[in-house]
Amino acid sequence: MSAGGPGEHVFPTICVVSDSVGLTGQSIARAASVQFGVESPHVEVLSKVRSFDQIERFLTEQVEVAQRERGDRRVLLFYTLVTSQLADRLAGYLGENPHILGVDIMSPALSAIAQVSGITPSQVPGKLHVANQQYFSRVEAVEFTIAHDDGRNPQDLVKADIVLLGVSRSSKTPLSIYLSQQGYKVANVPLDMQTEPPAELYDVDPTRLFGLMTTPDVLVDIRKRRLGTAATVAAAGRYADPEYVYQDLEDARAFMRRLGCIVVHTERRAVEETAQEILRYFERAHPPQAI
C-alpha cells in the first residue's frame, strides 16, 4: 500500500481472495474504485484457493505489509468463495480480526438465488471462467469459419476441426455456420468440373473431411430457384441443366472417394439434422475433451 503524508487520504491496496481465478472480485474492486476517482487501484490477488491455510498466510502477509508501509494494520479484502466451508471459516476469522475489513461478494448472491429458486448451488469454483472460455471459443470458431468459407485460405485447411466439400448449392455455408456456432472451426471447399480442388485437401485427416452429397433432381430444382430469371441465359441455364448437374455430382463423388472422406446426404434435410450426423461421425473419431 502506498504511504501518504500526515492528514492525507491514502487509497488502500485491495486484496482479492477467490477459489476461482478472481476476475469477479477484481472487476468489483475496480468498479467501486472508479467512484473514488481511482481507475487503476492496486489489487493483490490470491486465486484458486483450496485451503484456509492459504488464505490465512496471505492475509497475515498483507497485514504486515500494511503495517510496514502505512503504519496501519487495516486491510481491505474482497472475497468470492463459492465453497461454503471456506467462506464460513473466513467469516469467522474476520470476526476475530476486525482490522481486516472483508466484503463477501459471492455468498449473499448465492443465498438470494437459492432462497427464491429453491435450487442448491453447485459450489464448483470457476464455472463463470469456464463459461467465458466456451463463449470466446465459439466466437473464434465463427471467425475462422467466415474466413474459410467457399474455399478461401486453403493453406489453413489442416487447422480446421471440420472441412466440408460439395458442389454448388449443397448447403456448405449454412452447415459451416451452424457447426461453428457449436464451437467447431469449419472450412468449406466448393467442387466443380472447371476448377482444380486445393492440393491442401490431401493433407487433412480424412476423419475431418465430410463430403456433402444430394440427388440430381433436388439439386436441379435448387439451382433453378437460385437462378430465377437468369435461367434464360445460356451459360446460367447450363448450371441447372440435369445432365450437367448429374456429371457435377459424379465428379464430386469420385473425388470424395479418392480423399477417403465421409459422405453425408443433405437432400430434404434440415441443416440441424445434417449437422448432427456429421458430429456423430466426428465425435466418434475425436471424442470431446472434458474442460
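The sequence shown begins at 8 in the numbering used here and counts up one residue at a time.
We treat Cβ as the ideally placed atom computed from N, Cα and C, and that holds for glycine.
A direct Cα-Cα distance of roughly 54 Å separates S178 from C22. Short of 6 Å from the beta carbon of F65, and not among the five residues preceding or following it, lie these beta carbons of its own chain, in chain order: L53.
In terms of Cβ geometry, G173 and A259 form a close pair [threshold 8 Å].
Assignment of I229 by DSSP, reduced to helix, strand and coil, places it in the helix class. By a beta-carbon distance limit of 8 Å, V149 contacts Q188. Their separation comes to about 6 Å.
The alpha-carbon separation between S27 and A98 amounts to approximately 18 Å. Contact check for V227 against A247 passes: the beta carbons are separated by less than 8 Å.
Using a 10 angstroms sphere on the CB of Y209, the tally of other CB atoms stays under 16, which defines it as exposed. In this structure, the alpha-carbon of T20 lies about 7 Å from that of E51. For the pair F59 and R96, the Cα-to-Cα distance works out to about 7 Å.
CA-CA distance, L256 to C268, rounds to 15 Å. With a cut-off of 8 Å on Cβ pairs, the segment 79-90 is in contact with the segment 100-110, counting three or more such pairs.
Per the C-alpha coordinates, the member of V193, P181, V211 positioned closest to E279 is P181. T222 carries a coil assignment under DSSP once its states are collapsed to helix, strand and coil. The beta carbon of H49 sits closer than 6 Å to those of T20, all from its chain and outside the five residues before and after it, given in chain order. CA-CA distance, Q42 to V17, rounds to 15 Å. Of the other Cβ atoms in all chains shown, 16 or more fall within 10 Å of the Cβ of K192; this residue is therefore buried. Q33 and Q61 have their alpha carbons spaced roughly 19 Å apart. Rounded to whole angstroms, T273 and I126 show a C-alpha spacing of 42 Å.
Annotated three-state conformation of A247 is coil, per DSSP.
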